[in-house]
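K.L.:
Residue numbers (my numbering): 488 to 672. Idealized CB from N, CA, C, for every residue including glycine.
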Ligand SMILES: Cc1cc2nc3c(=O)[nH]c(=O)nc-3n(C[C@H](O)[C@H](O)[C@H](O)COP(=O)(O)O)c2cc1C
């Protein structure tokens, strides 16, 4: 079956052993056959500078095109110092410019955060939502997912615990409904 829903996945952590990557990979593995999900790699993106708006940077063009082509964007991210990690903010900024050419306008965006701490990265998730709202993206409201004490939701081999698998499967169902809806529905 050829995919009818295209999802761009951004993982806010650059860390090799990222817990957010483990949850993101589980979520990706649960997508139905009609969904194609591809990671938008952000580690190689030069720090955004408005001076670059008049030039062509291949990695910028790559991520802008991937985001443009997607029906929805799924962001799975940690919290760094009570906000989103710099690498994630960088791709948000890159996608937002040049002025009037933002890829975020009317884009469907869902956010999942995970932290070993008890707040689950909620401040990071809220700040992503704040930027997306300003950029006129269509942010998924319900359910909101902030995985607290998230290391407890991983088994020793790095797989996601059964309880959290069920919880995330519920999210996937709602996310696919959201991603598949036309903005005018
Ligand atoms: C620079 C830095 C700042 C952090 N700040 C927070 C924070 O504000 N809130 C939080 O819950 N965890 C914070 N942490 C801990 C991260 O939640 C933890 O390292 C987590 O494993 C990061 O996600 P990752 O494994 O996907 O990289 C911070 C970690 C780093 C490296």
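Give the C-beta separation of residue 494 and residue 559 to the nearest angstrom, bearing in mind that I take them to be a contact with Cβ-Cβ under 8 Å.
P.N.:
Correct: roughly 6 Å between the Cβ atoms.
K.L.:
Can you confirm whether residue 601, when its beta carbon is compared against all beta carbons of chain D, has any partner nearer than 9 Å?
P.N.:
Looking for chain D here will not work: only one protein chain is present.
K.L.:
Please output, in chain order, the residues near ligand 3 using a CB cut-off of less than 7 Å to any non-hydrogen atom of the ligand.
P.N.:
You won't find ligand 3 in this model; what it holds is ligand 1.
K.L.:
Buried or exposed: residue 568, going by 16 or more other Cβ atoms within 10 Å of its Cβ?
P.N.:
Per the 10 Å Cβ criterion, exposed.
K.L.:
Which residue's Cα is closest to the Cα of residue 615: 545, 665 and 574?
P.N.:
Checked all of 545, 665 and 574; the closest Cα to residue 615 is 574.
K.L.:
Given a threshold of 16 other Cβ atoms within 10 Å of its Cβ, counted over all protein chains shown, does residue 518 qualify as buried or as exposed?
P.N.:
Buried, by the Cβ-count rule.
K.L.:
Helix, strand or coil: how does DSSP classify residue 543 here?
P.N.:
DSSP places residue 543 in coil when its eight states are reduced to three.
K.L.:
If you draw a straight line from the alpha carbon of residue 539 to that of residue 547, how long is it in whole angstroms?
P.N.:
Between residue 539 and residue 547, the C-alpha separation is close to 10 Å.
K.L.:
Cβ of residue 527 within 9 Å of Cβ of residue 501?
P.N.:
Not in contact: residue 527 and residue 501 (Cβ atoms no closer than 9 Å).
K.L.:
Determine, using beta-carbon pairs with one atom in the region 616-623 and one in the region 584-595, whether at least three such pairs fall under 8 Å.
P.N.:
With a cut-off of 8 Å, the region 584-595 and the region 616-623 count as touching, because enough Cβ pairs lie within range.
K.L.:
Is residue 659 helix, strand or coil when you go by DSSP?
P.N.:
Here residue 659 sits in helix by DSSP.
K.L.:
With a 10 Å radius around its C-beta and 16 neighbouring C-beta atoms as the bar for buried, classify residue 608 as buried or exposed.
P.N.:
Per the 10 Å Cβ criterion, buried.
K.L.:
Quick check on the DSSP output: the beta strand (DSSP E) that includes residue 497 runs from which residue to which?
P.N.:
Segment 492-498, the beta strand (DSSP E) holding residue 497.
K.L.:
Check each candidate in 645, 543 and 564 and name the one with the smallest Cα separation from residue 613.
P.N.:
For the residues 645, 543 and 564, the minimum Cα distance to residue 613 belongs to 564.
K.L.:
Determine the DSSP secondary structure at residue 529, reduced to helix, strand or coil.
P.N.:
If DSSP states are grouped into helix, strand and coil, residue 529 belongs with coil.
K.L.:
For a test of the three-state rule: what should DSSP assign to residue 671, helix, strand or coil?
P.N.:
Low per-residue confidence applies at residue 671: pLDDT is 45, beneath 50, and the placement is therefore not dependable, though the value from the model is reported in the following sentence. Of the three classes helix, strand and coil, the one that applies to residue 671 here is coil, per DSSP.
K.L.:
Whole-angstrom Cβ separation of residue 524 and residue 663, contact assumed at under 8 Å?
P.N.:
10 Å between Cβ atoms; not a contact.
K.L.:
Determine the direct distance from the alpha carbon of residue 649 to that of residue 658, and round the result to whole angstroms.
P.N.:
The straight-line gap from Cα to Cα measures roughly 14 Å.
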